[in-house]
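Peer 1: My numbering applies: residue 514 is where the sequence shown begins, and numbers increase by one.
Ideal Cβ placement from N, Cα and C applies to all residues, glycine included.
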Amino acid sequence: MRLPAEVDPLRLPNHVAMIMDGNSRWAQVRGIAKERQLRAAAEACYSNAREIVRLSSDWGIKALTLFAFSTENFLRPREEVDQWMQQLDRVLSLDDPATILLDGIQFHCIGDTARLPRPLQAKISDAQSITSGNTGMKLVMAIGYGGHSDLVQTCQALAREVEQGKMAVEEIDQINLAKRLMLGERCEDVGAPELLVRTSGEQRLSNFMLWHLAYSELVFEKKLWPDFGEEEYKNALVEFQGRMRTFGVKHHS
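Below, the structure written as structure tokens:
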């Protein structure tokens with residue numbers, strides 16, 4: 514799929530992050546029977562995620578991070594959590610037609626995977642191992658992830674190193690802290706997300722990558738995630754390229 518003419522290939526964001534919001538509402542507004550809504554929402558979510566992964570890879574995005582399941586999502590009804598876990602298990606299976614792991618993709622996972630079902634933990638480990646040698650786009654999925662816990666666990670790890678004499682307090686800086694966050698050095702070559710897209714009209718970060726998104730450009734799309742397609746993605750990239758990124762430094766004309 515060729516990059517749309519409106520998008521400048523020389524000014525693409527290296528790393529795009531997306532909050533895939535609005536799946537349940539999508540199922541509801543389509544009048545899907547209540548007993549089928551959970552499954553329909555999960556399937557629609559990852560069917561579209563697969564298309565967005567394909568577009569990102571085809572267009573030259575170097576890294577794509579998808580917020581798949583938050584720490585707060587574990588508090589939802591068991592039936593709902595189980596449905597999302599089952600769908601994740603499917604899309605992370607290389608031999609499943611619905612797999613999100615397209616050819617050449619290098620897969621990474623961030624989050625508290627110890628809270629996930631063991632079969633899914635194994636699937637994640639296998640996917641990371643099998644795709645580690647791939648040289649295509651990096652796909653990072655945040656599963657069981659929370660920005661607060663990411664920062665707290667990192668600070669605790671640094672404190673232990675200081676306590677054990679492995680590190681001096683003065684050595685704790687932005688670089689060392691960033692390296693120990695869950696994303697760590699996985700995307701060191703492309704950097705933190707330059708663009709965050711959230712669908713469904715909600716305008717908040719929802720505890721997602723709080724450290725990494727400090728200077729990201731934020732685009733809030735009104736359409737629900739399953740309806741976020743090529744046109745909407747193109748518009749988000751055009752909006753990103755139309756902004757002046759100052760990183761807190763005022764430029765005088």
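If we ignore side chains and look at the alpha-carbon of each, how far apart do Cys696 and Ile623 end up?
Peer 2: If you number the sequence shown from 1, residue 696 lands on position 183. If you number the sequence shown from 1, residue 623 lands on position 110. The sequence shown places Leu at residue 696, not Cys. Straight-line Cα distance between these residues: approximately 6 Å.
Peer 1: Reducing DSSP to helix, strand and coil, say where Val665 ends up.
Peer 2: Position 152 of the sequence shown holds residue 665. DSSP places Val665 in helix when its eight states are reduced to three.
Peer 1: Since Val751 is in the alpha helix (DSSP H), which residue starts that stretch and which ends it?
Peer 2: For this step, residue 751 is matched to residue 238 along the sequence shown. Note, Val751: alpha helix (DSSP H), 743-754.
Peer 1: Whose C-alpha, out of Lys735, Arg538, Arg756, Lys651, is nearest the C-alpha of Gly573?
Peer 2: For the purposes of this step, residue 573 is taken as the residue at position 60 of the sequence shown. Among Lys735, Arg538, Arg756, Lys651, the Cα nearest to that of Gly573 is on Lys651.
Peer 1: Which residue from Ala749, Gln641, Ala546, Pro526 puts its Cα closest to that of Ala576?
Peer 2: As a first step, residue 576 must be located in the sequence shown, where it is residue number 63. Ranking the options by Cα distance to Ala576, first place goes to Pro526.
Peer 1: I need the boundaries of the alpha helix (DSSP H) containing Gln600, first residue and last residue.
Peer 2: Residue numbering aside, residue 600 sits at position 87 when the sequence shown is read from its first letter. 591-604 is the extent of the alpha helix (DSSP H) around Gln600.
Peer 1: Using a Cβ distance threshold of 8 Å, determine whether the region 646-661 contacts the region 607-617, with at least three qualifying pairs required.
Peer 2: Yes, since at least three Cβ pairs between the region 646-661 and the region 607-617 fall closer than 8 Å, the two stretches touch.
Peer 1: What does the Cβ neighbour count give for Lys636, buried or exposed, with the cut at 16 atoms within 10 Å?
Peer 2: On the sequence shown, position 123 is the one that residue 636 refers to. Result: buried.
Peer 1: Within 10 angstroms of the Cβ of Pro706, are there 16 or more other Cβ atoms? Answer buried if so, exposed if not.
Peer 2: In the sequence shown, counting from the first residue as 1, residue 706 sits at position 193. Label assigned to Pro706: buried.
Peer 1: Check for me: the alpha helix (DSSP H) holding Tyr559 runs from which residue to which?
Peer 2: Residue 559 sits at position 46 when you count from the first residue of the sequence shown. Run containing Tyr559: 547-572, per the alpha helix (DSSP H) assignment.
Peer 1: Do you know offhand how far Asn586's Cα is from Gly755's?
Peer 2: Taking the first residue of the sequence shown as 1, we reach residue 586 at position 73. Taking the first residue of the sequence shown as 1, we reach residue 755 at position 242. Approximately 34 Å between the Cα atoms of the pair.
Peer 1: Please state whether DSSP places Phe721 in a helix, a strand or coil.
Peer 2: The residue you call residue 721 lines up with position 208 of the sequence shown. The answer is coil: DSSP assigns Phe721 none of H, G, I, E or B.
Peer 1: Quick check on Leu726: does DSSP put it in helix, strand or coil?
Peer 2: Taking the first residue of the sequence shown as 1, we reach residue 726 at position 213. Correct three-state label for Leu726: coil.
Peer 1: Are Gln596 and Arg524 closer than 8 Å when you measure CB to CB?
Peer 2: Against the sequence shown, residue 596 aligns to sequence position 83. Against the sequence shown, residue 524 aligns to sequence position 11. No, these two residues do not count as a Cβ contact at 8 Å.
Peer 1: Report the residue ranges of all alpha helix (DSSP H) runs contained in full by the region 611-657; include only those spanning at least 4 residues, in chain order.
Peer 2: 631-644
Peer 1: Classify Gln716: buried if its beta carbon has 16 or more other beta carbons within 10 angstroms, exposed otherwise.
Peer 2: Working through the sequence shown from its first residue, we reach residue 716 at position 203. By the neighbour-count rule (16 or more Cβ atoms within 10 Å), Gln716 is not buried but exposed.
Peer 1: Nearest to Glu593 by alpha carbon, out of Ile565, Ser537, Gly660?
Peer 2: The residue you call residue 593 lines up with position 80 of the sequence shown. Selected option, being the one with the closest Cα: Ser537.
Peer 1: So what's Ile767 in DSSP terms, helix, strand or just coil?
Peer 2: Outside the displayed range of the chain (514 to 766) lies residue 767, so it cannot be described from this structure.
Peer 1: With DSSP collapsed to three states, give me the class of Leu523.
Peer 2: By 1-based counting over the sequence shown, the position of residue 523 is 10. Helix.
Peer 1: Name the residue from Asn748, Met757, Asp740, Thr759 whose alpha carbon lies nearest to the alpha carbon of Glu564.
Peer 2: If you number the sequence shown from 1, residue 564 lands on position 51. Ranking Asn748, Met757, Asp740, Thr759 by Cα distance to Glu564 puts Asp740 first.
Peer 1: What number of angstroms, rounded off, separates the C-alpha of Arg693 from the C-alpha of Leu731?
Peer 2: For this step, residue 693 is matched to residue 180 along the sequence shown. For this step, residue 731 is matched to residue 218 along the sequence shown. Going from the Cα of Arg693 to the Cα of Leu731 covers about 25 Å.
Peer 1: Just mark Asp663 as buried or exposed, buried being the case when its beta carbon has 16 or more other beta carbons within 10 Å.
Peer 2: For the purposes of this step, residue 663 is identified with residue 150 of the sequence shown, where counting begins at 1. By the neighbour-count rule (16 or more Cβ atoms within 10 Å), Asp663 is buried.
Peer 1: Where does Asp534 land, buried or exposed, given buried means 16+ other C-beta within 10 angstroms?
Peer 2: As a working mapping, residue 534 is identified with position 21 in the sequence shown. Buried.
Peer 1: Kindly list the residues whose CB is nearer than 6 Å to the CB of Asp571, restricted to its own chain and excluding five residues on each side of it in sequence; keep chain order.
Peer 2: In the sequence shown, counting from the first residue as 1, residue 571 sits at position 58. Here the set comprises Met514.
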